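Engineer: Here you go, one structure.
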Amino acid sequence: MAGRTTFEEVPVEKLRWRCDPDSLGFESTNECDYYAGIIGQDRAVKALMMGLQIKSPGYNVYASGRSGTGKTSTIMSILNQMDLTDKRPGDICYVNNFKNPDMPKVICLPAGMGKSFQSDMDEMIAYLRRQLPFIFESETFKKESEEMIEQYRTKQIELFREFNENISKENFQLVQIQIGPFTRQDIVPLYEGKPVPIEQLESLVEQDKFDREELEKIKKKLIEFRIELDSLMRETRQIERDLRAETEQLEHRTGLPVVSGVISDIRVKYAQNHDKVNSYLDEVQENILSNLKLLKEREEEQPAAQPMMPVMQPSAASRFLEYKVNVLVDNSHTEKRPVIFETDPNFKNLFGTIEREIDRSGFWKTDFTKIKAGSMLRANGGFIVFNAYDALIEPGVWFTLKRTLKNMSLNLQPYDPYGFIPTALKPEPIDLDIKVIMIGDAYIYYQLYHLTDDFRKIFKTKADFDTEMPNEAKHIQEYICFIKKIIDDEKLLPFDKKAAAAIIEFGTRLTGRQKKLSTRFVEIADLVREAGFWAQQEGSDVVSDIHVDKAYDEKIRRAAMIEDKIQEMIDDGTIMIDTDEAVVGQVNGLSVYDMGDHAFGKPSRITVQTSIGRAGVINIEREAKLSGSTHDKGVLILEGYIRGKYAQDKPLTMSASIAFEQSYGGVDGDSASSTEMYAILSSLSGVPIRQDIAVTGSMNQRGEIQPIGGVNYKIEGFFDVCKARGLTGRQGVMIPALNVPELMLKKEVVRAIADGKFHIYAVKHIDEGIELLTGVVAGVKDAEGYYPKGTINCLVDEKLKSIALSLKDFGAEEKKTPDKTTESV
Numbered sequence: 001m002a003g004r005t006t007f008e009e010v011p012v013e014k015l016r017w018r019c020d021p022d023s024l025g026f027e028s029t030n031e032c033d034y035y036a037g038i039i040g041q042d043r044a045v046k047a048l049m050m051g052l053q054i055k056s057p058g059y060n061v062y063a064s065g066r067s068g069t070g071k072t073s074t075i076m077s078i079l080n081q082m083d084l085t086d087k088r089p090g091d092i093c094y095v096n097n098f099k100n101p102d103m104p105k106v107i108c109l110p111a112g113m114g115k116s117f118q119s120d121m122d123e124m125i126a127y128l129r130r131q132l133p134f135i136f137e138s139e140t141f142k143k144e145s146e147e148m149i150e151q152y153r154t155k156q157i158e159l160f161r162e163f164n165e166n167i168s169k170e171n172f173q174l175v176q177i178q179i180g181p182f183t184r185q186d187i188v189p190l191y192e193g194k195p196v197p198i199e200q201l202e203s204l205v206e207q208d209k210f211d212r213e214e215l216e217k218i219k220k221k222l223i224e225f226r227i228e229l230d231s232l233m234r235e236t237r238q239i240e241r242d243l244r245a246e247t248e249q250l251e252h253r254t255g256l257p258v259v260s261g262v263i264s265d266i267r268v269k270y271a272q273n274h275d276k277v278n279s280y281l282d283e284v285q286e287n288i289l290s291n292l293k294l295l296k297e298r299e300e301e302q303p304a305a306q307p308m309m310p311v312m313q314p315s316a317a318s319r320f321l322e323y324k325v326n327v328l329v330d331n332s333h334t335e336k337r338p339v340i341f342e343t344d345p346n347f348k349n350l351f352g353t354i355e356r357e358i359d360r361s362g363f364w365k366t367d368f369t370k371i372k373a374g375s376m377l378r379a380n381g382g383f384i385v386f387n388a389y390d391a392l393i394e395p396g397v398w399f400t401l402k403r404t405l406k407n408m409s410l411n412l413q414p415y416d417p418y419g420f421i422p423t424a425l426k427p428e429p430i431d432l433d434i435k436v437i438m439i440g441d442a443y444i445y446y447q448l449y450h451l452t453d454d455f456r457k458i459f460k461t462k463a464d465f466d467t468e469m470p471n472e473a474k475h476i477q478e479y480i481c482f483i484k485k486i487i488d489d490e491k492l493l494p495f496d497k498k499a500a501a502a503i504i505e506f507g508t509r510l511t512g513r514q515k516k517l518s519t520r521f522v523e524i525a526d527l528v529r530e531a532g533f534w535a536q537q538e539g540s541d542v543v544s545d546i547h548v549d550k551a552y553d554e555k556i557r558r559a560a561m562i563e564d565k566i567q568e569m570i571d572d573g574t575i576m577i578d579t580d581e582a583v584v585g586q587v588n589g590l591s592v593y594d595m596g597d598h599a600f601g602k603p604s605r606i607t608v609q610t611s612i613g614r615a616g617v618i619n620i621e622r623e624a625k626l627s628g629s630t631h632d633k634g635v636l637i638l639e640g641y642i643r644g645k646y647a648q649d650k651p652l653t654m655s656a657s658i659a660f661e662q663s664y665g666g667v668d669g670d671s672a673s674s675t676e677m678y679a680i681l682s683s684l685s686g687v688p689i690r691q692d693i694a695v696t697g698s699m700n701q702r703g704e705i706q707p708i709g710g711v712n713y714k715i716e717g718f719f720d721v722c723k724a725r726g727l728t729g730r731q732g733v734m735i736p737a738l739n740v741p742e743l744m745l746k747k748e749v750v751r752a753i754a755d756g757k758f759h760i761y762a763v764k765h766i767d768e769g770i771e772l773l774t775g776v777v778a779g780v781k782d783a784e785g786y787y788p789k790g791t792i793n794c795l796v797d798e799k800l801k802s803i804a805l806s807l808k809d810f811g812a813e814e815k816k817t818p819d820k821t822t823e824s825v
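Mapping of the sequence shown onto the numbering used here: position 784 corresponds to residue 784, and the numbering continues sequentially without gaps.
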């Protein structure tokens, strides 16, 4: 049954939204206002403002959205607009813990006082090193010290004199015995008025020159005297200890006024209402007074380093290291809360570290002065912004960030996952008051949200950046102001109204919807810059729409090498595509290739072969493991449509194989399901399908055509193929009717359609589409449940009945025919 020969086309005015240059209200952007505001991100801006202003813990911000939507610039703009002068962060210092040097103490001081405290402590040590030697060299100290020493020395001499007198009465004498480099007191007997060792008397006994009994008496007495000598030596050592203690007390009394005076000056300057500074200065004073010997030596008296071993002697700085102040964060020049954009968020840059060095013995060592701050500490009291992906790929960053934000305190440690170089230091944690803004895409956000419970506790604010906004007058004016901003900031040529309109139309094309404008301002700004470049190359004083079009064309040409290669293969027949005649069971489908920086559409030949069988619809792509899950779903849906429409009064006993010819890289998406359905209907009915009409569209089980993505790329892809072979005036593309509002075709395609050289058809149902492709009426069941003769549906229905009967008859024949092998046996 012949069908319609003409079909309603999509009107030209619906093929592309046009921005009327005269409606913009200016002739050149020189007449426009500069605008530095945030465009089209109301939802994200509200979320950011809330997250940044709430003081409660956990309200850190995750800025989510596609690259180019202005996340970083928006955050910078909001932070610049906020009043950050309400709180000036203080300085953060680490000092020695004299009671436990492995656990340095943290001291927080008002802004600018950290460096001053560090300098005053260094000056204090320098002052004491200058003054204490003079004090301990004074006549008063020397006289008192010498009197004390003489008193104890006299006491020792008296004890030895009395002891020596007592032993002399018994013919013994005290002597000094040399043992290596040391000497010691000992007692020896007198023989003939001279001290002799006991061994010599034993030798005389052997020679019968000395009485043995007398020797035994001498030995017994010698033991008694040596016991007394040991007691005397203990008493002497105690006298020496008493002397040292009294000497230390004297030094303490002498040095106390100087030490306490200089520390008192520091205490008055820094310790008001600061218990930690008071406590630290008390420990400093106690430690200095306990180590006056180190300080009272003149610098010239310090041991000089040996020429051959320069590392064996500690430097002056290391000798007084315990009194230094390590200023981690110096906010002396900070007038408001800090805002830090960390471009390299690795562990060390974010959280700081504890540096190490090799000592003279070849071992690693460190101390509290080697503690270094990261950007988290420098941003304390303010805000830190960094990229989520950059941080997550760095070892140790995420787990440390979680702990830090949960506890709002930072434990400084170097990142050493294998523990090759252990660090004995465990610095006191530093309390944090910070807002973290992490920038990333939606995929990372949802991965973190679902895979770790801590994420939702520490990043309670999600600022979602949209890629589009309504195409309305307000936003069009904001687009113009954005163009003006780029022009003024980068000293570009002015744009006339036609150029501005072309930029706005490009923004609409980026969204793929006529009622939307893109917020991917990185791409908008690039097109503005490149249009200005081409205008400058031509020597123009103003940028016009022809320069914008050239910039867009050049942008596509730079990235279109793969597209051109595919087009070449289509042109020379390597990829087989028909654009005229009609073929049974063959349709031109449309696919989109997205290379990242460039997307384009090209036709693909889809073929179907049907036969008797019970396999149903065979998806060759699936069998070859080249089909994605969405494409598999589309094939199953069209199989459901066939069963629902044609298998209500008979079994579905066909086998139909579907293939994307010359497809070797995989197929996904359901946008070809209607195309595949048309090929099946053609194969079953035997009615050929026009090859000058390419098809795209998803379908449901009711046969309704559903919208698909990339409709503009698909139309343009088939147009390019037809143009290369010559436009006949019959070629065109069939699309879902619901995709019409998304049309934003290239001007070249629109002109060809307006001239009647190319056509766009919009359909709502499979029946409409098959009529257009075959020129035969689809057909609707009558009251008795039959399709009109000669219609597509009638031909398909009769074919399926014929297949079912043939399969039944074939099965019956098989039962009647005996098995030849059995018969011969």
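Note that beta-carbon positions come from the ideal geometry of N, C-alpha and C, so glycine has one too. All values derive from a computational prediction rather than experimental measurement.
Compare the Cα-Cα distances from Leu-800 to each of Gly-732, Lys-645, Lys-747 and Lys-217 and report the closest residue.
Structural biologist: Lys-645
Engineer: Under a three-way DSSP split, which group does Pro-101 fall into?
Structural biologist: coil
Engineer: Thr-461 and Val-61 - do their beta-carbons sit closer together than 8 angstroms?
Structural biologist: yes
Engineer: Keeping to the same chain, check which residues put their C-beta closer than 7 angstroms to that of Pro-310; ignore five residues upstream and five downstream.
Structural biologist: With a pLDDT of 46 at Pro-310, under the threshold of 50, the modelled position of this residue cannot be trusted, and the question is left open.
Engineer: Could you check the C-alpha separation between Phe-26 and Phe-495 for me, to the nearest Å?
Structural biologist: 10 angstroms
Engineer: Where does the unbroken beta strand (DSSP E) through Gln-413 begin, and where does it stop?
Structural biologist: Premise fails: Gln-413 is in no beta strand (DSSP E) and is neither H nor E.
Engineer: Using a 10 Å radius around the Cβ and a threshold of 16 neighbouring Cβ atoms, would you call Arg-244 buried or exposed?
Structural biologist: exposed
Engineer: Quick check for students: name the residue ranges of the alpha helix (DSSP H) that lie wholly in the segment 12 to 64, counting only runs of 4 or more.
Structural biologist: 42 to 53
Engineer: Between the Cα of Glu-742 and those of Asp-453, Glu-13 and Val-45, spot the shortest distance and give me the residue it belongs to.
Structural biologist: Glu-13
Engineer: Let me check you understand the geometry: is the CB of Thr-519 closer than 7 angstroms to at least one non-hydrogen atom of the ligand ATP?
Structural biologist: The ligand ATP is absent from the structure shown, which contains no ligand whatsoever.
Engineer: Tell me the residue span of the alpha helix (DSSP H) that contains Thr-236.
Structural biologist: 212 to 270
Engineer: If you run the structure through DSSP and keep just helix, strand and coil, what is Thr-630?
Structural biologist: helix
Engineer: Just curious, the beta strand (DSSP E) that His-759 is in, first and last residue?
Structural biologist: Start and end: 759 to 763.
Engineer: Ser-278 to Ala-271, Cα distance in whole Å?
Structural biologist: Looking at the sequence shown, residue 278 is not Ser but Asn. Cα to Cα, Asn-278 sits roughly 5 angstroms from Ala-271.
Engineer: Compute the beta-carbon to beta-carbon distance between Met-734 and Val-763, rounded to the nearest angstrom, for a pair I have assumed lies under 8 angstroms.
Structural biologist: Correct: roughly 6 angstroms between the Cβ atoms.
Engineer: Hey, which unbroken runs of the alpha helix (DSSP H) at 4 residues or more fall wholly within the segment 521 to 601?
Structural biologist: 521 to 537, 545 to 559 and 561 to 571
Engineer: Report all residues from its chain with a CB closer than 6 angstroms to the CB of Ser-544; omit the five preceding and five following residues, and keep chain order.
Structural biologist: Asp-496, Lys-498 and Ala-499
Engineer: Assign Met-561 to one of two classes, buried (16 or more other C-beta atoms within 10 Å of its C-beta) or exposed (fewer than that).
Structural biologist: Result: exposed.
Engineer: Which whole-angstrom value is the C-beta distance of Val-617 and Val-635, which I expect to be below 8 angstroms?
Structural biologist: 6 angstroms
Engineer: From Leu-590, Asp-809, Pro-788 and Glu-748, pick the residue whose C-alpha is nearest to that of Gly-717; which is it?
Structural biologist: Leu-590
Engineer: Going by the CB atoms, is the gap between Asp-186 and Ile-198 shorter than 8 angstroms?
Structural biologist: In this structure, Ile-198 sits away from Asp-186, with a CB-CB distance that is not shorter than 8 angstroms.
Engineer: State the Cα-Cα distance for the pair Ser-264 and Phe-136, rounded to the nearest angstrom.
Structural biologist: 21 angstroms
Engineer: When you compare only the Cα positions, how much space is there between Arg-403 and Glu-283?
Structural biologist: 32 angstroms
Engineer: Need the endpoints of the alpha helix (DSSP H) that Ala-656 sits in, please.
Structural biologist: Here Ala-656 belongs to no alpha helix (DSSP H); instead the beta strand (DSSP E) covers 654 to 660.
Engineer: Counting only runs that start and end within the segment 775 to 809, where is the alpha helix (DSSP H) found for 4 or more residues in a row?
Structural biologist: none
Engineer: For a test of the three-state rule: what should DSSP assign to Asp-431, helix, strand or coil?
Structural biologist: strand
Engineer: So the beta strand (DSSP E) Asp-464 belongs to, where does it begin and stop?
Structural biologist: 461 to 464
Engineer: Assuming Glu-342 is part of the beta strand (DSSP E), what are its boundary residues?
Structural biologist: Its beta strand (DSSP E) spans residues 339 to 342.
Engineer: Classify Gly-729 as buried or exposed, calling it buried when 16 or more other Cβ atoms lie within 10 Å of its own Cβ.
Structural biologist: Gly-729 is exposed by the Cβ-count criterion.
Engineer: Quick check: what's the CA-CA separation for Arg-153 versus Leu-159?
Structural biologist: 10 angstroms
Engineer: Sorted by chain position, which residues of the same chain lie with C-beta nearer than 7 angstroms to Ala-442's C-beta, five sequence neighbours on each side aside?
Structural biologist: Ser-64
Engineer: Tell me which same chain residues have a C-beta within less than 7 angstroms of the C-beta of Ala-379, skipping the five on either side of it?
Structural biologist: Here the set comprises Pro-338, Ile-340 and Ile-434.
Engineer: What separation, rounded to the nearest whole angstrom, lies between the Cα atoms of Thr-369 and Arg-456?
Structural biologist: Distance between the alpha carbons of Thr-369 and Arg-456 is about 37 angstroms.
Engineer: How would you call Ala-754, buried or exposed, if buried means at least 16 neighbouring beta carbons within 10 angstroms?
Structural biologist: Result: exposed.
Engineer: Contact between the segment 461 to 474 and the segment 44 to 61 is defined here as three or more beta-carbon pairs at a separation below 8 angstroms; is this criterion met?
Structural biologist: yes
Engineer: Sorted by chain position, which residues of the same chain lie with C-beta nearer than 6 angstroms to Tyr-593's C-beta, five sequence neighbours on each side aside?
Structural biologist: If you ignore the 5 residues before and after Tyr-593, its C-beta comes within less than 6 angstroms of the C-beta of Phe-600, all in its own chain and listed in chain order.
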